[in-house]
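Residue numbers (the numbering used here): 2 to 422. For each residue, glycine too, the CB sits at the ideal point set by N, CA and C. Structure record follows, encoded as structure tokens.
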């Protein structure tokens, strides 16, 4: 911000050094000092300095037992960016400070930061709710996500989550802070979804040693094919833009139903979610799916593998703010009918180029083969999803993708990987 100078010094110095630091500051410059008294088990925090006109800037994170000296012109308001902490003597995360003042950060005893185990448990519960698998409080049938009117953290869903992980689900302040801490911790962008996917309790498993079951199903039209398109690592312009689309092809049955494609999709724009109120149909794409069946038959005839994972490198992912990233995941699932047993999977994931990805070498699978590219190409021809940005800005705003939807704001940046029927 032009005309504003911020100097931050982090030190473990004693109180006696603060006077000399102030003396070194420019004349008329504001200085205060902040001490972190939180335990070493609590991760670093950040202080944001709020300025006139609604602007703000940040001071670096600081470990337990450290002083941070902030030099700037004018009086300021300091705000902690980590829930579960507060200013000593104040029940809150914002503090008006004065020149020469000393201030201390402590744990919020009413709702301290969530542990890794608590975040993992809460995240799993949110997945269950978003994907429609969360039981009711009395163990009954799944209940739908809370409505838009329940978005302020006091929804029964978050009361249930807070209680289940061992916090006070009857305290509205605690419930709201649990919601915020879970949402903030899971909004990690590029790398988070890979581990979520691999460990997901509803990730379908391909049946072992199914022999020619997949080919038999394709030949006899006793199958369905489900295709997922997922954009999970996009923050174009700094705003979360997540898309999870599920489309299922069912072939015509002799003397029965005609061939059909039924779809449903989820969007998360900057923490606000929506999902189709009802599944939609895509009759215009049904005829094109014959090429998908032909390509998939060719792939499975040539290879004994039935659980196929491939990767493509996407250099645009180096910057999660980029608009032009590829689909994070395109997953093609061949199910038996009847029985709904998973016979085969082809899953393409987009990852950062080698040397830039932080997930380890084991994340890199083989590149798609000619046969695998043929299946993926046939799927694109049939479903016409386009590039992610094209879908987000154009295709997603046209029928059938722009039909009635259910919207809610209560779970932040936790998004589904699998969708119900």
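- A residue is called buried when at least 16 other Cβ atoms come within 10 angstroms of its Cβ; residue 341 does not meet this threshold and is exposed.
- Beta-bridge pairing by DSSP links residue 33 to 71.
- In the structure shown, residue 81 falls within a strand segment according to DSSP collapsed to helix, strand and coil.
- Between residue 178 and the set 116, 85, 257, the nearest pair of CA atoms involves 85.
- Distance from the Cα of residue 419 is smallest, within the candidate group 244, 251, 174, 349, for 244.
- Residue environment analysis places residue 253 among the exposed positions, since fewer than 16 neighbouring C-beta atoms fall within 10 angstroms of its C-beta.
- With the rule of 3 Cβ pairs closer than 8 Å, the region 301 to 317 does not count as touching the region 268 to 276.
- In this structure, residue 399 keeps its C-beta atom at 8 Å or more from the C-beta atom of residue 275.
- In this model, residue 375 and residue 184 are separated by some 39 Å (Cα to Cα).
- Within the same chain, 317 come within 6 Å of residue 323 by CB-CB distance, once the 5 residues on both sides are set aside.
- Excluding the 5 residues flanking it on each side, residue 162 has same chain C-beta neighbours closer than 6 Å at 123, 126, in chain order.
- For residue 328, DSSP records no beta bridge to any residue.
- DSSP places residue 310 inside the beta strand (DSSP E), whose first and last residues are 308 to 314.
- DSSP lists 229, 265 as the bridge partner or partners of residue 247.
- Counted as a single uninterrupted DSSP element, the alpha helix (DSSP H) harbouring residue 161 occupies residues 157 to 165.
- Exclusion of the five residues before and after residue 384 leaves 228, 248, 286 as the residues of its chain whose Cβ lies within less than 7 Å of its Cβ.
- As computed with DSSP, residue 392 is found in no beta bridge at all.
- Per DSSP, reduced to three states, the secondary structure at residue 118 is helical.
- Membership of residue 379 in the alpha helix (DSSP H) is indicated by the continuous run 371 to 384.
- Beta bridge pairing from DSSP links residue 282 with 263.
- For residue 295, the enclosing alpha helix (DSSP H) starts and ends at 290 to 303.
- Contact between residue 39 and residue 107 is confirmed by a C-beta separation of about 7 Å, below the 8 Å threshold.
- Judged by their CB atoms, residue 68 and residue 34 are nearer to each other than the 8 Å cut-off.
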